[in-house]
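Colleague:
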Amino acid sequence: MTSDLRSDSAAGRPEWTELGEVDLDAPIAPEQRVSEEEEVASGGTLAEPDTDAEPWLEPRRRLRRGWERGRVWFRPEERPRPDPRPPLRDRLVPPFYPEFFRGAGWILPLIITAIGGFMRFWNLGWPNKIIFDETYYAKDGWSMWVYGWEHTWADGAKISDPALSGSGAFGHNAPTNFTCVQTCAEYVVHPPAGKWIIGLGEKIWGLNPVGWRLMEAVLGTLAIYIIARTARRMFRSTLLGCVAGIFLAFDGLAFVMARTALLDGIQMFFILAGFSALVVDRDKVREKFAAWREERGPGLLPFDEYGPRLGLRPWRLVGGLMLGLATATKWNGIVFLAAFMVMSLLWDGGARRAAGVRYPTFVTLAVLAVFAVPAVLKFLGLAWAFVLLGFIACAVFAVVSMQLAGLLKRFAWRRLAEPLWGFLSMPVLAVGVFVASYAGWFFRTEQGGGYYRTWADGHPSSIWPTWTNPFRSLWFYVGQQYGFNSTLQSGHPYMSNPWSWFIMGRPVAFYWATPPVGQSGCTASMGSCSAEVLALGNPLLWWFATASIFYLLWRWIARRDWRAAAMLTGIAAGVGIWLWYAQRTIFSFYAVSFTPFMVLAATFAVGTLLGRADAPPTRRVWGAAVAGTLVVGVVALFAYFYPIYSGQTIPYSDWSNHMWLPSWI
1020 MTSDLRSDSA
1030 AGRPEWTELG
1040 EVDLDAPIAP
1050 EQRVSEEEEV
1060 ASGGTLAEPD
1070 TDAEPWLEPR
1080 RRLRRGWERG
1090 RVWFRPEERP
1100 RPDPRPPLRD
1110 RLVPPFYPEF
1120 FRGAGWILPL
1130 IITAIGGFMR
1140 FWNLGWPNKI
1150 IFDETYYAKD
1160 GWSMWVYGWE
1170 HTWADGAKIS
1180 DPALSGSGAF
1190 GHNAPTNFTC
1200 VQTCAEYVVH
1210 PPAGKWIIGL
1220 GEKIWGLNPV
1230 GWRLMEAVLG
1240 TLAIYIIART
1250 ARRMFRSTLL
1260 GCVAGIFLAF
1270 DGLAFVMART
1280 ALLDGIQMFF
1290 ILAGFSALVV
1300 DRDKVREKFA
1310 AWREERGPGL
1320 LPFDEYGPRL
1330 GLRPWRLVGG
1340 LMLGLATATK
1350 WNGIVFLAAF
1360 MVMSLLWDGG
1370 ARRAAGVRYP
1380 TFVTLAVLAV
1390 FAVPAVLKFL
1400 GLAWAFVLLG
1410 FIACAVFAVV
1420 SMQLAGLLKR
1430 FAWRRLAEPL
1440 WGFLSMPVLA
1450 VGVFVASYAG
1460 WFFRTEQGGG
1470 YYRTWADGHP
1480 SSIWPTWTNP
1490 FRSLWFYVGQ
1500 QYGFNSTLQS
1510 GHPYMSNPWS
1520 WFIMGRPVAF
1530 YWATPPVGQS
1540 GCTASMGSCS
1550 AEVLALGNPL
1560 LWWFATASIF
1570 YLLWRWIARR
1580 DWRAAAMLTG
1590 IAAGVGIWLW
1600 YAQRTIFSFY
1610 AVSFTPFMVL
1620 AATFAVGTLL
1630 GRADAPPTRR
1640 VWGAAVAGTL
1650 VVGVVALFAY
1660 FYPIYSGQTI
1670 PYSDWSNHMW
1680 LPSWI
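What the sequence shown shows, in our numbering, is residues 1020 to 1684, in sequence order.
Written out as structure tokens, the structure is:
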């Protein structure tokens, strides 16, 4: 069993030399030149081009790169790699390293998931009260299953409702503390999918702390298994998959969010599930390209060849579904949806290029630019006239560019199908999921229905027919929600700047208590006692992952490593939107949405520390020692901070020792 990283980054270059490339290191003698095609395939100097040939078949004079994408610098005894370049199939879909034992790729992640799940479910009902923003989502979740929309409660804006305190306070169908003063509908600023899920736990277990945290713990546990399997697929190593699972299982932020009824932990699960589905889809697509290319044999493909028809891609549909649920849980999920859609299309282009297709992403990028530029202009607040002008300019530029490249032919329309299907299987599907999450709002109209449910009835339109009123009302409601989220600037003692999230600069205290002697486990020997639930990421893991971001940048820019680009995409999508709204009231626990990608970044760096399989024994021993120490350190540090992750009662002096930075208090 080897543990170093196995990359398919080199698959970006075709198996054969491109037209017009010259290998200066290995020139071919004139008498060996049988034909132009053989010269090109062998890397020799081209003969004179045929002036009567089509313009796109004319050779391009270009020097061959002196390094191969994906090649590493280290070689035993500084020797060049003796083995020939792997076949195209192994570069498109690299084989996995040998397992520890048969089925290890499934069994070991399950064991790690069981350990992480036990920690998340243990004493889940403590603190035995509503903490932080559970006061909104525990009530909204129950309302969703009773009325189909968020209902007002008698306690109004109180932070804690005694009617919800205590295990077993209400049963599955017991009466709840609803009220209908002025209006029954509660104005909310987040979509309902996450609240449906929280309410499902309450329907299963009852309206009590375990009930409203149940589904959070379930999804937080499943996330451990998903990331372990995803890391295994990305790095082709079961060992590194287990490392990723351990990192997520023992991260404090992921642990706290899996035991608190907030929306962010649910959204994190859907983002991770969507990304994982797209990684599986990537492998499936590249397997099809490998088989397709093997059928055609070596040699250059015709200019109009675009590769096999990929057909229905169920894993991409699953990715669109999961990212739609992430968006239907919190608004910033739309950024992940857009980023991962573009990422998936570029992955397809890379596979086509490796198989020998020319200009594989030209049309895709042109279509994306036509729609992306106007969207950015509108996001920046420009008038619709400028947005329309930008759309027209981009469309004209795209058409002219494709014409100059010779792509506006009959076969170019097939290239347009790829971004079209990507758009249908992800953004369009996500919109459908988003609207479906409002099913209760649409169809349950008791006591007046949900907030703004009948807005369009009082604001008739001369353009839209009457049957569209529910959709017009939803559109208006969504606009109001976005306006609130984008302009919220009320002060809060725990608000923080997004840049500080990477170093855990200002974690949020979800729960704080100073129990007197004789209560909640406080004894006279402890003196002054404290209990806290602090949404603090594992410092060693997060600081190491933050440092690994610079390594990812190097791997992406210098090595063109797709895994580094994917992880950076997830991190940028998670933090970028909050940098734009940095003036808004935001909190560090929002970082849980991109925690899986920080975990993958740290895992990538651990694989590099372990070293290559052909490295000298001394290098491997030292690499294993450093990487092992890091993994053990993450687990040990989680154990050290466990009391302030789980709200245990400890002496005040111990609590003070856990506050490493003044901003943690």
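Backbone N, C-alpha and C fix where the C-beta goes; we use that ideal spot for every residue, glycine too.
Are the beta-carbon atoms of LEU1598 and PRO1517 separated by less than 7 angstroms?
Modeller: The residue you call residue 1598 lines up with position 579 of the sequence shown. The residue you call residue 1517 lines up with position 498 of the sequence shown. It is a contact, given that the beta carbons lie within the stated cut-off.
Colleague: Would you give the residue range spanned by the beta strand (DSSP E) that SER1549 belongs to?
Modeller: What you label residue 1549 is simply residue 530 of the sequence shown in a count that begins at 1. Run containing SER1549: 1548–1554, per the beta strand (DSSP E) assignment.
Colleague: Please report the residue range of the alpha helix (DSSP H) in which VAL1611 lies.
Modeller: Locating residue 1611 in the sequence shown gives position 592, counting from the first residue. Counting along the chain, VAL1611 falls outside any alpha helix (DSSP H), and DSSP gives it neither H nor E.
Colleague: Mapping the DSSP letters down to three states, classify TRP1494 as helix, strand or coil.
Modeller: Counting from 1 along the sequence shown, the entry for residue 1494 is found at position 475. Looking at TRP1494 - three-state DSSP - the assignment turns out to be helix.
Colleague: Over the uninterrupted alpha helix (DSSP H) stretch that includes THR1588, give me the two end residues.
Modeller: Here residue 1588 refers to the residue found at position 569 of the sequence shown. Counting along the chain, the alpha helix (DSSP H) containing THR1588 begins and ends at 1581–1599.
Colleague: Do ARG1255 and TYR1116 have their C-beta atoms within less than 7 angstroms of each other?
Modeller: Mapped onto the sequence shown, residue 1255 falls at position 236. Mapped onto the sequence shown, residue 1116 falls at position 97. Yes, Cβ-Cβ distance for ARG1255 and TYR1116 is below 7 angstroms.
Colleague: Could you tell me whether the stretch 1274–1292 touches the stretch 1313–1330, where touching means 3 or more Cβ pairs closer than 8 angstroms?
Modeller: In short, these stretches do not touch, since the Cβ pair count stays below three.
Colleague: CB-CB under 7 angstroms to ASP1152, same chain, minus the five flanking residues each way: which ones, in chain order?
Modeller: If you number the sequence shown from 1, residue 1152 lands on position 133. Taken in chain order, the residues that qualify are LEU1281.
Colleague: Looking only at DSSP bridge pairs, what is ILE1669 linked to?
Modeller: Counted from its first residue, the sequence shown places residue 1669 at position 650. Partner(s): SER1549.
Colleague: Do GLY1260 and ALA1268 have their C-beta atoms within less than 7 angstroms of each other?
Modeller: Start at 1 with the first residue of the sequence shown, and residue 1260 comes out as number 241. Start at 1 with the first residue of the sequence shown, and residue 1268 comes out as number 249. The answer is no: Cβ separation not under 7 angstroms.
Colleague: Between TRP1683 and VAL1275, what straight-line distance do the alpha-carbon atoms span, to the nearest angstrom?
Modeller: Within the sequence shown, the letter at position 664 stands for residue 1683. Within the sequence shown, the letter at position 256 stands for residue 1275. Cα to Cα, TRP1683 sits roughly 15 angstroms from VAL1275.
Colleague: Following the continuous alpha helix (DSSP H) through PHE1529, name the residue where it begins and the one where it ends.
Modeller: Here residue 1529 corresponds to residue number 510 of the sequence shown, with the count starting at 1. Element bounds for PHE1529: not the alpha helix (DSSP H) but the beta strand (DSSP E), 1527–1532.
Colleague: Whose C-alpha, out of ARG1305, TRP1334, LEU1401, ALA1388, is nearest the C-alpha of ALA1292?
Modeller: Within the sequence shown, the letter at position 273 stands for residue 1292. Ranking the options by Cα distance to ALA1292, first place goes to TRP1334.
Colleague: Nearest to ALA1133 by alpha carbon, out of LYS1148, LEU1238, LYS1158?
Modeller: Counting from one through the sequence shown, the residue named residue 1133 turns up at place 114. Checking every option, the nearest Cα to that of ALA1133 belongs to LEU1238.
Colleague: Give every residue of the same chain whose Cβ lies closer than 6 angstroms to the Cβ of TRP1366, excluding the five residues on either side of it in the sequence, and list them in chain order.
Modeller: Reading the sequence shown from its first residue, position 347 is the one you call residue 1366. Once the five neighbours on either side are set aside, the close Cβ partners of TRP1366 are ARG1301.
Colleague: When the Cα atoms are used, what is the spatial distance from GLY1343 to PHE1442?
Modeller: What you label residue 1343 is simply residue 324 of the sequence shown in a count that begins at 1. What you label residue 1442 is simply residue 423 of the sequence shown in a count that begins at 1. Computed Cα separation, rounded: 13 angstroms.
Colleague: Under 7 angstroms between the Cβ atoms of MET1676 and GLY1271?
Modeller: Here residue 1676 is taken as the residue at index 657 of the sequence shown, counted from 1. Here residue 1271 is taken as the residue at index 252 of the sequence shown, counted from 1. Looking at the sequence itself, residue 1676 is Asn, so the reference to Met does not match. Against a cut-off of 7 angstroms, the Cβ pair of GLY1271 and ASN1676 comes out as no contact.
Colleague: Runs of 4 residues minimum, wholly inside the stretch 1249–1282: which ones carry the alpha helix (DSSP H) assignment?
Modeller: Fully enclosed alpha helix (DSSP H) runs of 4 or longer: 1257–1268, 1271–1276.
Colleague: From TYR1471 to ASN1351, what does the alpha carbon distance come to, in whole angstroms?
Modeller: In the sequence shown, the residue the question calls residue 1471 occupies position 452. In the sequence shown, the residue the question calls residue 1351 occupies position 332. Looking at the two C-alpha atoms, the distance is approximately 22 angstroms.
Colleague: Considering only their Cβ atoms, is the gap separating THR1604 from HIS1478 smaller than 7 angstroms?
Modeller: One-based indexing of the sequence shown puts residue 1478 at position 459. One-based indexing of the sequence shown puts residue 1604 at position 585. Their beta carbons are not under 7 angstroms apart, which means HIS1478 does not touch THR1604 by this criterion.
Colleague: Determine whether the beta carbon atoms of ARG1434 and ALA1370 lie at a separation below 7 angstroms.
Modeller: Mapped onto the sequence shown, residue 1434 falls at position 415. Mapped onto the sequence shown, residue 1370 falls at position 351. In this structure, ALA1370 does not lie closer than 7 angstroms to ARG1434 by Cβ.
Colleague: Buried or exposed for ALA1583, going by 16 or more other Cβ atoms inside 10 Å?
Modeller: On the sequence shown, residue 1583 is found 564 positions in, with the first residue counted as 1. Burial call: buried.
Colleague: Can you give the Cα-Cα distance for PRO1210 and SER1162, rounded to whole angstroms?
Modeller: Locating residue 1210 in the sequence shown gives position 191, counting from the first residue. Locating residue 1162 in the sequence shown gives position 143, counting from the first residue. Rounded to whole angstroms, PRO1210 to SER1162 spans 14 angstroms at the Cα level.
Colleague: When DSSP labels each residue in this structure, what does LEU1347 get in the three-state scheme?
Modeller: Counting from 1 along the sequence shown, the entry for residue 1347 is found at position 328. Residue identity differs from the one stated: residue 1347 is Ala in this sequence, not Leu. Residue state, collapsed to three classes: coil.
Colleague: Take MET1545 and list the residues in its own chain whose beta-carbon comes closer than 7 angstroms to its own, dropping the five residues that flank it on each side.
Modeller: Residue numbering aside, residue 1545 sits at position 526 when the sequence shown is read from its first letter. Contacts found: PRO1670.
Colleague: Tell me, please, whether the stretch 1112–1132 touches the stretch 1525–1542 by the rule of three or more beta-carbon pairs shorter than 8 angstroms.
Modeller: Touching, no.
Colleague: Tell me whether GLY1595 counts as near the ligand FAD, meaning its Cβ is closer than 6 angstroms to at least one heavy atom of that ligand.
Modeller: Absence of the ligand FAD is noted for the structure shown, with no ligands found whatsoever.
Colleague: Rounded to whole angstroms, what is the Cα-Cα separation between ILE1568 and LEU1336?
Modeller: Translated into positions along the sequence shown, residue 1568 becomes position 549. Translated into positions along the sequence shown, residue 1336 becomes position 317. Their backbone Cα atoms lie some 30 angstroms apart in a straight line.
Colleague: Hey, quick one: how far does the alpha helix (DSSP H) through PRO1113 stretch, first residue to last?
Modeller: Counting from 1 along the sequence shown, the entry for residue 1113 is found at position 94. Careful: PRO1113 lies outside any alpha helix (DSSP H) and carries neither H nor E.
Colleague: Could you tell me the alpha carbon to alpha carbon distance between SER1184 and ASN1147, rounded to whole angstroms?
Modeller: Here residue 1184 corresponds to residue number 165 of the sequence shown, with the count starting at 1. Here residue 1147 corresponds to residue number 128 of the sequence shown, with the count starting at 1. Because SER1184 sits at a pLDDT of 44, beneath the cut-off of 50, its placement in the model cannot be relied upon, and the point is left open.
Colleague: Are TRP1674 and SER1539 close, meaning C-beta to C-beta below 7 angstroms?
Modeller: Stepping through the sequence shown from its first residue, residue 1674 is reached at position 655. Stepping through the sequence shown from its first residue, residue 1539 is reached at position 520. No, Cβ-Cβ distance for TRP1674 and SER1539 is not below 7 angstroms.
Colleague: Please confirm whether ALA1157 and TRP1231 have their CB atoms less than 7 angstroms apart.
Modeller: As a position in the sequence shown, residue 1157 is number 138, starting the count at 1. As a position in the sequence shown, residue 1231 is number 212, starting the count at 1. Result yes, Cβ atoms of ALA1157 and TRP1231 sit closer than 7 angstroms.
Colleague: Excluding the 5 residues flanking ALA1449 on each side, which residues of the same chain have their C-beta closer than 7 angstroms to its C-beta?
Modeller: Taking the first residue of the sequence shown as position 1, residue 1449 is located at position 430. Excluding sequence neighbours, ALA1449 sits near GLY1339, LEU1342, GLY1343, THR1346, LEU1356.
Colleague: Here's a check: name, in chain order, each residue in its chain whose Cβ is nearer than 7 angstroms to the Cβ of TYR1206, leaving out the five neighbours to either side.
Modeller: Position 187 of the sequence shown holds residue 1206. Cβ neighbours of TYR1206 beyond the five flanking positions: TYR1470.
Colleague: Identify, in the order they occur along the chain, each residue of the same chain with its Cβ nearer than 8 angstroms to the Cβ of PRO1489, setting aside the five sequence neighbours on each side.
Modeller: As a position in the sequence shown, residue 1489 is number 470, starting the count at 1. If we look at PRO1489 and ignore the five residues flanking it on each side, its Cβ neighbours are PHE1461, ARG1472, ALA1475.
Colleague: Distance check for PRO1662 and GLY1498, CA to CA, integer angstroms please.
Modeller: Along the sequence shown, read from residue 1 onward, the residue named residue 1498 stands at position 479. Along the sequence shown, read from residue 1 onward, the residue named residue 1662 stands at position 643. Between GLY1498 and PRO1662, the C-alpha separation is close to 42 angstroms.
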